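Engineer: Got a structure for you, written out below as C-alpha coordinates; questions coming shortly.
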Amino acid sequence: MSNVATYNVCEHLRDGSRVEIRALRPNDEADMLDALDQTSAQSLQRRFFVTKRHFSDKERAFFMNIDFSNHVALVAEAEQAGRTMIIGGGRYVVFEPGRAEMAFVVIDAWQGRGVGALLARHLTALARKAGLKELTAEVLPENSAMRRIFEKLGFKAAATPDPQAIHLVLKLS
(Lines of atoms letter the chains of each structure in order from A and count residues from 1; the text may use other names and numbers.)
(Lines give C-alpha, C1' and ligand atoms only; values in the text may rest on other atoms or scores of the structure.)
Protein backbone atom coordinates (compact mmCIF):
# COMPACT_ATOMS: atom_id res chain seq x y z
CA MET A 1 0.00 0.00 0.00
CA SER A 2 1.34 3.41 -0.91
CA ASN A 3 0.56 7.00 -0.01
CA VAL A 4 -2.19 6.75 -2.66
CA ALA A 5 -4.23 5.10 0.12
CA THR A 6 -4.41 8.53 1.79
CA TYR A 7 -5.01 10.50 -1.43
CA ASN A 8 -7.28 13.48 -0.82
CA VAL A 9 -7.84 16.57 -3.00
CA CYS A 10 -10.57 19.22 -2.96
CA GLU A 11 -11.85 20.42 -6.33
CA HIS A 12 -14.63 22.64 -7.62
CA LEU A 13 -17.00 21.66 -10.40
CA ARG A 14 -17.98 23.97 -13.24
CA ASP A 15 -21.03 25.09 -11.24
CA GLY A 16 -18.86 25.94 -8.21
CA SER A 17 -19.85 22.89 -6.15
CA ARG A 18 -17.06 21.64 -3.89
CA VAL A 19 -16.07 18.00 -4.37
CA GLU A 20 -13.53 15.96 -2.46
CA ILE A 21 -11.67 13.34 -4.49
CA ARG A 22 -10.16 10.80 -2.11
CA ALA A 23 -8.98 7.24 -1.78
CA LEU A 24 -11.66 4.64 -1.15
CA ARG A 25 -11.61 3.55 2.50
CA PRO A 26 -12.54 0.13 3.93
CA ASN A 27 -15.42 1.70 5.88
CA ASP A 28 -16.98 3.21 2.71
CA GLU A 29 -18.94 0.11 1.74
CA ALA A 30 -22.33 1.25 3.09
CA ASP A 31 -21.92 4.67 1.47
CA MET A 32 -20.89 3.06 -1.82
CA LEU A 33 -23.98 0.84 -1.77
CA ASP A 34 -26.11 3.91 -0.97
CA ALA A 35 -24.60 5.70 -3.98
CA LEU A 36 -25.41 2.72 -6.20
CA ASP A 37 -29.01 2.85 -4.95
CA GLN A 38 -29.13 6.44 -6.26
CA THR A 39 -27.84 5.38 -9.67
CA SER A 40 -30.32 4.46 -12.39
CA ALA A 41 -30.45 1.03 -13.97
CA GLN A 42 -29.31 2.64 -17.25
CA SER A 43 -26.25 4.22 -15.63
CA LEU A 44 -25.32 0.95 -13.92
CA GLN A 45 -25.79 -0.94 -17.19
CA ARG A 46 -23.46 1.54 -18.90
CA ARG A 47 -20.85 0.93 -16.19
CA PHE A 48 -21.14 -2.86 -15.77
CA PHE A 49 -22.54 -3.76 -19.25
CA VAL A 50 -25.36 -5.68 -17.56
CA THR A 51 -28.33 -4.54 -15.51
CA LYS A 52 -26.90 -4.68 -12.01
CA ARG A 53 -28.68 -3.92 -8.74
CA HIS A 54 -27.10 -6.37 -6.32
CA PHE A 55 -23.53 -7.49 -5.79
CA SER A 56 -22.37 -10.83 -4.45
CA ASP A 57 -20.07 -11.01 -1.43
CA LYS A 58 -17.20 -11.83 -3.81
CA GLU A 59 -17.97 -8.77 -5.99
CA ARG A 60 -18.25 -6.48 -2.95
CA ALA A 61 -14.93 -7.79 -1.64
CA PHE A 62 -13.30 -7.08 -5.02
CA PHE A 63 -14.64 -3.52 -5.10
CA MET A 64 -13.73 -2.75 -1.48
CA ASN A 65 -10.42 -4.58 -0.88
CA ILE A 66 -8.03 -2.20 -2.59
CA ASP A 67 -4.23 -2.58 -2.43
CA PHE A 68 -3.51 0.87 -3.99
CA SER A 69 -0.84 -0.71 -6.13
CA ASN A 70 -2.52 -3.04 -8.61
CA HIS A 71 -6.01 -1.83 -7.76
CA VAL A 72 -6.51 1.90 -7.11
CA ALA A 73 -9.95 3.30 -6.27
CA LEU A 74 -11.09 6.86 -5.67
CA VAL A 75 -14.43 8.31 -4.64
CA ALA A 76 -15.94 11.74 -5.13
CA GLU A 77 -17.78 13.15 -2.13
CA ALA A 78 -19.99 16.22 -1.96
CA GLU A 79 -22.42 17.87 0.38
CA GLN A 80 -26.02 17.07 -0.49
CA ALA A 81 -29.15 17.46 1.63
CA GLY A 82 -27.05 18.50 4.62
CA ARG A 83 -24.71 15.53 4.63
CA THR A 84 -21.53 14.41 2.91
CA MET A 85 -22.14 11.57 0.50
CA ILE A 86 -20.33 9.61 -2.18
CA ILE A 87 -21.49 10.85 -5.58
CA GLY A 88 -19.14 8.85 -7.78
CA GLY A 89 -16.27 6.44 -7.85
CA GLY A 90 -13.59 5.29 -10.19
CA ARG A 91 -10.75 2.82 -10.29
CA TYR A 92 -8.05 1.28 -12.32
CA VAL A 93 -7.01 -2.34 -12.09
CA VAL A 94 -3.67 -3.57 -13.41
CA PHE A 95 -4.27 -6.55 -15.70
CA GLU A 96 -0.66 -7.02 -16.83
CA PRO A 97 2.58 -5.24 -15.94
CA GLY A 98 2.38 -1.60 -17.00
CA ARG A 99 -1.25 -1.79 -18.20
CA ALA A 100 -4.49 -1.15 -16.33
CA GLU A 101 -8.18 -0.82 -17.11
CA MET A 102 -10.04 2.27 -15.85
CA ALA A 103 -13.74 2.64 -15.11
CA PHE A 104 -15.94 5.02 -13.16
CA VAL A 105 -19.57 5.79 -12.36
CA VAL A 106 -21.36 8.92 -11.12
CA ILE A 107 -24.79 8.95 -9.50
CA ASP A 108 -27.45 10.34 -11.81
CA ALA A 109 -28.11 13.56 -9.87
CA TRP A 110 -24.47 14.60 -10.35
CA GLN A 111 -23.94 13.50 -13.95
CA GLY A 112 -23.03 16.15 -16.50
CA ARG A 113 -21.32 18.37 -13.93
CA GLY A 114 -17.73 17.22 -14.37
CA VAL A 115 -17.45 14.61 -11.60
CA GLY A 116 -16.52 11.79 -13.99
CA ALA A 117 -13.89 13.95 -15.68
CA LEU A 118 -12.33 14.78 -12.29
CA LEU A 119 -12.21 11.13 -11.27
CA ALA A 120 -10.71 10.10 -14.62
CA ARG A 121 -8.13 12.92 -14.53
CA HIS A 122 -6.99 12.03 -10.99
CA LEU A 123 -6.83 8.31 -11.79
CA THR A 124 -4.78 9.04 -14.92
CA ALA A 125 -2.35 11.18 -12.92
CA LEU A 126 -1.98 8.44 -10.29
CA ALA A 127 -1.39 5.83 -13.01
CA ARG A 128 1.37 7.98 -14.52
CA LYS A 129 2.94 8.51 -11.10
CA ALA A 130 2.82 4.73 -10.52
CA GLY A 131 4.78 4.20 -13.72
CA LEU A 132 2.02 2.58 -15.75
CA LYS A 133 2.53 2.75 -19.52
CA GLU A 134 -1.06 2.37 -20.70
CA LEU A 135 -4.64 2.73 -19.53
CA THR A 136 -7.56 1.06 -21.28
CA ALA A 137 -11.32 1.41 -20.99
CA GLU A 138 -14.30 -0.44 -22.37
CA VAL A 139 -17.28 1.79 -23.19
CA LEU A 140 -20.66 1.02 -24.66
CA PRO A 141 -21.20 2.83 -27.98
CA GLU A 142 -24.29 4.67 -26.68
CA ASN A 143 -22.40 6.06 -23.66
CA SER A 144 -21.40 9.28 -25.40
CA ALA A 145 -20.76 11.21 -22.16
CA MET A 146 -18.13 8.72 -20.99
CA ARG A 147 -16.62 8.51 -24.45
CA ARG A 148 -16.23 12.32 -24.47
CA ILE A 149 -14.44 12.25 -21.11
CA PHE A 150 -12.00 9.61 -22.32
CA GLU A 151 -11.43 11.44 -25.62
CA LYS A 152 -10.61 14.69 -23.77
CA LEU A 153 -7.99 12.77 -21.78
CA GLY A 154 -6.43 11.52 -25.02
CA PHE A 155 -7.78 7.97 -25.17
CA LYS A 156 -7.97 6.57 -28.71
CA ALA A 157 -10.23 3.87 -30.09
CA ALA A 158 -8.49 0.55 -30.75
CA ALA A 159 -9.56 -2.75 -32.28
CA THR A 160 -11.58 -5.03 -30.04
CA PRO A 161 -13.02 -8.51 -30.46
CA ASP A 162 -16.22 -7.37 -28.67
CA PRO A 163 -18.63 -5.69 -31.11
CA GLN A 164 -20.77 -4.53 -28.17
CA ALA A 165 -18.06 -2.24 -26.72
CA ILE A 166 -15.57 0.36 -27.81
CA HIS A 167 -12.04 -0.35 -26.62
CA LEU A 168 -10.12 2.83 -25.74
CA VAL A 169 -6.40 3.16 -25.04
CA LEU A 170 -4.28 5.92 -23.55
CA LYS A 171 -0.49 5.65 -23.84
CA LEU A 172 1.01 7.20 -20.70
CA SER A 173 4.69 7.23 -21.72
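Following the UniProt record's numbering, the numbering of the sequence shown begins with 1 at its first residue and continues without gaps.
Beta carbons: idealized from backbone N, C-alpha and C, even for Gly.
Predicted model, so just to flag it, every value in this text is computed and none were measured.
Tell me whether Asp-31 counts as near the ligand COA, meaning its Cβ is closer than 6 Å to at least one heavy atom of that ligand.
Structural biologist: Ligands displayed in this structure: none; no statement on the ligand COA is therefore possible.
Engineer: Mind reading off the beta-carbon distance from Ala-76 to Leu-118? Whole number of angstroms is fine, and I expect it under 8 Å.
Structural biologist: Confirmed, Cβ separation roughly 6 Å.
Engineer: Whole angstroms are fine: how far does the CA of Glu-134 sit from the CA of Phe-109?
Structural biologist: Reading off the sequence shown, one finds Ala at residue 109, where the question assumed Phe. Straight-line Cα distance between these residues: approximately 31 Å.
Engineer: Quick one: using the 10 Å Cβ neighbour count with 16 as the cut-off for buried, is His-12 buried or exposed?
Structural biologist: With fewer than 16 other Cβ atoms within 10 Å, it is exposed.
Engineer: Compute the Euclidean distance between the alpha carbons of Lys-171 and Gly-89, then round it to the nearest angstrom.
Structural biologist: Taking the straight line joining both Cα atoms gives about 22 Å.
Engineer: Smallest Cα separation from Val-19: which of Val-106, Lys-129, Phe-62, Val-9?
Structural biologist: The shortest C-alpha separation from Val-19 is found at Val-9.
Engineer: Per DSSP, which one or two residues make a beta bridge with Tyr-92?
Structural biologist: According to DSSP, which records beta bridges pairwise, Tyr-92 is partnered with Val-72, Met-102.
Engineer: Taking a contact to mean a Cβ-Cβ separation below 7 Å, would you say Val-4 touches Leu-126 in this structure?
Structural biologist: Their beta carbons are under 7 Å apart, which means Val-4 touches Leu-126 by this criterion.
Engineer: Given a cut-off of 7 Å, decide if Val-106 and Ala-100 are closer than it, judged by their beta-carbon atoms.
Structural biologist: No. Outside cutoff.
Engineer: Going by C-alpha distance, which of Ser-173, Gly-114, Leu-132 is nearest Ala-145?
Structural biologist: If we check each option's Cα against that of Ala-145, Gly-114 comes out closest.
Engineer: Hey, Phe-63 and Ala-23 are a contact pair by Cβ (cut 8 Å); roughly how many whole angstroms apart?
Structural biologist: That belief does not hold up - the Cβ atoms of Phe-63 and Ala-23 are roughly 14 Å apart, past 8 Å.
Engineer: How many Å lie between Phe-49 and Arg-91 at the Cα?
Structural biologist: Note that Phe-49 scores 47 on pLDDT, short of 50, meaning its location in the model is unreliable and no value can be drawn from it.
Engineer: Can you check whether the C-beta of Met-146 is within less than 7 Å of a C-beta belonging to chain D?
Structural biologist: Looking for chain D here will not work: only one protein chain is present.
Engineer: Assuming Ala-78 contacts Ser-17 (C-beta within less than 8 Å), just tell me the rounded distance between them.
Structural biologist: Rounded, the Cβ-Cβ distance is 6 Å, consistent with contact.
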